Amino acid sequence: MTDSHKPHDSSVSQVPRLRLYDTATHQITPFTPIHPGVVGIYVCGATVQSSPHIGHIRAAVAFDVIRRWFMRLGYTVLFIRNVTDIDDKILDKSRAAGQQWWERAYIYEREFTHAYERLGVLAPSYEPRATGHITDMIDLIQRILDNGHAYVVPDADGKPSGNVYFDVPSWPQYGELTHQQAGTQAADDSAAVADKMGPSVDQHGDDKYNPVDAADLSEDKHDPRDFALWKSPKATDPQTARWKTPFGIGRPGWHLECSAMSHRYLGADFDIHGGGLDLRFPHHENEMAQSKAAGWGFAHHWMHSAWVTAKGEKMSKSLGNGLSVDSILAEHSAWVVRYAMASVQYRSMLEWGDQTLSEAERAHERIMNFIDRADALIHTPISTDDVAALPVTELPAEFVSSMNEDFNVSGATASIFTTIRQGNALLDGARTPNVNSQLRALVIQLRAMLDVLGLDPLHAQWLGSDTPGDASSQEHLALDALIGEQLAKRAEARKNKDFAQADTIRDELGKAGIVIEDTPSGSSWSME
47 MTDSHKPHDS SVSQVPRLRL YDTATHQITP FTPIHPGVVG IYVCGATVQS
97 SPHIGHIRAA VAFDVIRRWF MRLGYTVLFI RNVTDIDDKI LDKSRAAGQQ
147 WWERAYIYER EFTHAYERLG VLAPSYEPRA TGHITDMIDL IQRILDNGHA
197 YVVPDADGKP SGNVYFDVPS WPQYGELTHQ QAGTQAADDS AAVADKMGPS
247 VDQHGDDKYN PVDAADLSED KHDPRDFALW KSPKATDPQT ARWKTPFGIG
297 RPGWHLECSA MSHRYLGADF DIHGGGLDLR FPHHENEMAQ SKAAGWGFAH
347 HWMHSAWVTA KGEKMSKSLG NGLSVDSILA EHSAWVVRYA MASVQYRSML
397 EWGDQTLSEA ERAHERIMNF IDRADALIHT PISTDDVAAL PVTELPAEFV
447 SSMNEDFNVS GATASIFTTI RQGNALLDGA RTPNVNSQLR ALVIQLRAML
497 DVLGLDPLHA QWLGSDTPGD ASSQEHLALD ALIGEQLAKR AEARKNKDFA
547 QADTIRDELG KAGIVIEDTP SGSSWSME
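Position in the sequence shown counted from 1, then plus 46, gives you this note's numbering.
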């Protein structure tokens, strides 16, 4: 796994152009960064009200793969993922639990961080908290007010009440992210499904996936579509959750937070805004409107990851089908759980269940079986640095073309297993003088492709994990060292024509379930 801040040392211009699907345009088009060689990405992170479930983490893994591919292509990636550490649910749940709201937010922020780390998600370039950017939000509201696209609601005495709303009718472009304009069609079936299931400005009625902020139901709004930029506190809100502003005492609206933070760290224009499909409306639609109404350019591309589903329904606590990360990792290795999420293209719905995890388990077995067999013949050990140093131009062309076509990880995964089949054919065929170097090159290619998905099984991320499945990789290294010592003694015995001793070593290993294969280039072992 490559360093989270250093780009891979290769030329972006040496490979075919990367193409992205843009949620706003419904088209797959070539990606051109605002600044050559640099990509700025803002991804909406967690609202830290309670423990993470696998549906939350899917988006984090999806954008981690996207980020890793940009890095492998040679880009410097500035990756911002925020934390929403204040909202109605955090305030209400902390009060019910007898906690300080900031205490609860921090407890669950740490749980999310731990989940990200266990599943190999690279740390962001920076992870801002909403409450750390109140002054930025106040400045942003003032810009929108000055531009005539927001209004302050007065109280009974005519003073600022703390409620500030975005004036949607004053912004004719409202709806440009999600509105299904005539002649605009999804680029493929996955996008069509996402468009159908994702909340949209065109949909009316209750939305069980995206409940409306209570502040947005106020009768003080000038138009039903107007949304809160700043809101006066509820009677139950603690004093520590209130800020004094020129608009009255209150706290930020949810949508405002991300506009302020993305501008602070990425500027008025940046390359990509990402997040889960359920954030497309109203959250991202409102972000776009208020940022542009403030006079900023905002994101040039919009990317949305699809949901994790269980029996066709979005996985969420509100529907009662959420699976906590801890409960899943208690039964499956972190590598297997990550594979289950990372091997499905980010725009495709991911149905979660026993079959998905079983397929990931089988993938791990196939990958490790080949690496184990190949490593037994490779004379020069392969380090993580060797894997990280492989230029993108030396990866299989099918893998590169798949990843460059809107991060088609399904096609990329197929290329991974094609490489494994090629390697197994080498191992099963007649030994040639250069078979060891061929195998070494294939293993480096394989691990580099897996590294793009965050899944190089011999990276320290997986070898040092405390989950049951990950421990097996560490045990394998110890076993390989012990068996290797026995094979060395057996080779020495055969060299000295002590065949009885050589046969004894082979038989003892056989009793332990170890099968020895002798070839002209040396001996290798595998489990029965």
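Each residue gets a CB set at the ideal place from its N, CA and C atoms; glycine is no exception. Keep in mind that this is a model prediction, so the values were computed, not measured.
Q) When the Cα atoms are used, what is the spatial distance from V489 to A386? A) 22 Å
Q) A548 to R536, Cα distance in whole Å? A) 5 Å
Q. With burial defined as no fewer than 16 other Cβ atoms inside 10 Å of the residue's Cβ, what is the status of G341: buried or exposed?
A. Of the other Cβ atoms in all chains shown, fewer than 16 fall within 10 Å of the Cβ of G341; this residue is therefore exposed.
Q: For L528, count neighbouring C-beta atoms within 10 Å of its own C-beta (all shown protein chains included) and say buried if the count is 16 or more, exposed if not.
A: exposed
Q: Would you mind working out which of N209, K135, W353 and H301 sits nearest W38, comparing C-alpha positions?
A: Outside the displayed span of the chain (47 to 574) sits residue 38, for which this structure offers no information.
(Q) Quick check for students: name the residue ranges of the beta strand (DSSP E) that lie wholly in the segment 291-331, counting only runs of 3 or more. (A) Counting only runs of 3+ residues, the beta strand (DSSP E) found wholly inside the segment 291-331 occupies 315-322, in chain order.
Q. So, do the segment 491-502 and the segment 429-441 have three or more beta carbon pairs nearer to each other than 8 Å?
A. yes
Q.
Out of F212, Q95, L504 and N480, which one is the CA nearest neighbour of S264?
A. Per the C-alpha coordinates, the member of F212, Q95, L504 and N480 positioned closest to S264 is F212.
Q) Are the Cβ atoms of I126 and S308 separated by less than 9 Å? A) yes
Q. By DSSP, does Q73 sit in helix, in strand, or in coil?
A. strand
Q. Taking N332 as the reference, which of E303, H350 and R65 has the closest Cα?
A. Scanning E303, H350 and R65 for the CA closest to the CA of N332 turns up E303.
Q | Cα-Cα separation between Q532 and I551, rounded to whole angstroms | A | 7 Å
Q: With a threshold of 16 other CB atoms inside 10 Å of the CB of K338, please say whether the residue is buried or exposed.
A: buried
Q: For the alpha helix (DSSP H) containing I428, list its first residue and its last residue.
A: Taken as a continuous stretch (DSSP letters only), I428 belongs to no alpha helix (DSSP H), as it is neither H nor E.
Q: Check the C-beta distance from H319 over to H330 and give it rounded, since I have them as a contact under 8 Å.
A: At roughly 7 Å, the Cβ-Cβ gap stays under 8 Å, so H319 and H330 are in contact.
Q: With a 10 Å radius around its C-beta and 16 neighbouring C-beta atoms as the bar for buried, classify G194 as buried or exposed.
A: exposed
Q) At which residues does the alpha helix (DSSP H) containing H195 begin and terminate? A) Here H195 belongs to no alpha helix (DSSP H), and DSSP marks it neither H nor E.
**Q.** Bridge partners - G123, DSSP secondary structure assignment
**A.** Gly is not the amino acid found at residue 123; the sequence shown has Val there. The partner list for V123 (beta bridge, DSSP) reads V85.
Q | Cβ-Cβ separation, E222 to M334 (assumed contact under 8 Å), whole Å | A | 7 Å
Q: Could you check the C-alpha separation between T464 and Y197 for me, to the nearest Å?
A: 60 Å
Q) Among the residues of its own chain, which have a CB less than 7 Å from the CB of P170, if the five just before and after it don't count? A) F125, I126 and R127
Q) Is G208 helix, strand or coil by DSSP? A) strand
Q) Buried or exposed: which applies to D201, given that a residue is buried once 16 or more other Cβ atoms fall within 10 Å of its Cβ? A) exposed
Q. Going straight from the alpha carbon of G229 to that of Q73, what length do you get?
A. Here the model assigns G229 a pLDDT of 44, short of 50, so the residue's position is not dependable, and the following value carries that caveat. Straight-line Cα distance between these residues: approximately 12 Å.
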